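What follows is a short report on a single structure.
Numbering (my numbering), first residue to last: -13 to 249.
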């Protein structure tokens, strides 16, 4: 049965979707069968990040009862499985987040990990995503407003009986205005799983609709994500030798004809 890990943040712009995509890809490169799910009903970004904003069948179709889950799972060129959302306003209205847990549970037997990207904040769809996961990773920047929102996520997890695997601090630049890591841990009463430094390569990968850990594999941020993936596997990151298939293209084909549905 897959470990189902929800990537959550209290606010947008902290690198939540970037983290979900790169953690999933890094885990896959280490030999694990991984499914990346975009659980956001209102702001699905995974397909956009991967260069396939418009797809024939999406998670929204599944949640509306108009498609089977397996028909909405696509194979990324790297071998990573992706269940993307739809950017169609009509599909957003049709989707019923109440069915999210049932759909996620139905997919658990076919993967080692299910990494779920959530909507920023704590609205109805995020709460259903939390219910669908067995554990949570909270994303925050090292600024007080962001950490305060992360604290809300910790409290919600506690109230719902969900385990918080840890906190990932993203976009850390070393500026004097940033909170110290010890202070973040003390405020959240949750361990920091890892730190992703501010890195211009993140924006370059996003602009190319690519995955950072593949297209800019030697960048500081990419290494941080790989170290985080290794930590989830209970081991230390040993470098490029433990990765597989890292030389392939790192983005969804922009042509729907080249997207492959995982049967």
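All C-beta atoms, glycine included, are put in the ideal place defined by N, C-alpha and C. Given the structure is predicted, the values throughout are model-derived calculations rather than measurements.
Quick one: grab the DSSP three-state call for residue i.
i, result
"residue 162", "coil"
"residue 193", "helix"
"residue -13", "coil"
"residue 157", "strand"
"residue 131", "helix"
"residue 117", "helix"
"residue 181", "strand"
"residue 199", "helix"
"residue 29", "coil"
"residue 225", "coil"
"residue 43", "coil"
"residue 186", "helix"
"residue 140", "helix"
"residue 84", "helix"
"residue 74", "coil"
"residue 94", "helix"
"residue 176", "coil"
"residue 207", "helix"
"residue 214", "helix"
"residue 0", "coil"
"residue 105", "coil"
"residue 219", "coil"
"residue 250", "The question about residue 250 has no answer, for the chain in this structure spans -13 to 249."
"residue 12", "helix"
"residue 6", "helix"
"residue 55", "helix"
Taking the C-alpha atoms as reference points, what is the distance between residue i and residue j?
i, j, result
"residue 213", "residue 205", "12 Å"
"residue 175", "residue 77", "39 Å"
"residue 189", "residue -5", "19 Å"
"residue 234", "residue 67", "Reliability of the predicted coordinates at residue 234 is poor, the pLDDT of 41 falling under 50, and no value is obtained from them."
"residue 140", "residue 127", "15 Å"
"residue 61", "residue 162", "43 Å"
"residue 222", "residue 216", "6 Å"
"residue 220", "residue 179", "12 Å"
"residue 112", "residue 122", "12 Å"
"residue 87", "residue -10", "11 Å"
"residue 208", "residue 110", "32 Å"
"residue 185", "residue 192", "12 Å"
"residue 92", "residue 168", "39 Å"
"residue 19", "residue 130", "36 Å"
"residue 75", "residue 147", "33 Å"
"residue 33", "residue 45", "11 Å"
"residue 24", "residue 81", "13 Å"
"residue 65", "residue 114", "28 Å"
"residue 13", "residue 1", "18 Å"
"residue 39", "residue 103", "16 Å"
"residue 200", "residue 172", "34 Å"
"residue 170", "residue -1", "18 Å"
"residue 15", "residue 166", "32 Å"
"residue 336", "residue 21", "Here the chain has residues from -13 to 249 only, and residue 336 is not among them."
In the DSSP output, what is residue i paired with across the bridge?
i, result
"residue 99", "-11, 20"
"residue 149", "121"
"residue -6", "124"
Cβ of residue i less than 8 Å from any chain B Cβ?
i, result
"residue 41", "Structure shown: chain B not included; a single protein chain is present."
The region 105 to 119 / the region 150 to 157 touching (three or more Cβ pairs under 8 Å): no
Contact the region 43 to 56 vs the region 89 to 101: 3+ CB pairs below 8 Å: yes
Stretch-stretch touch, CB-based, cutoff 8 Å, three pairs: the region 1 to 10 with the region 38 to 53: no
Validate contact between the region 26 to 38 and the region 131 to 144 using beta carbons, cut 8 Å, 3 pairs: no
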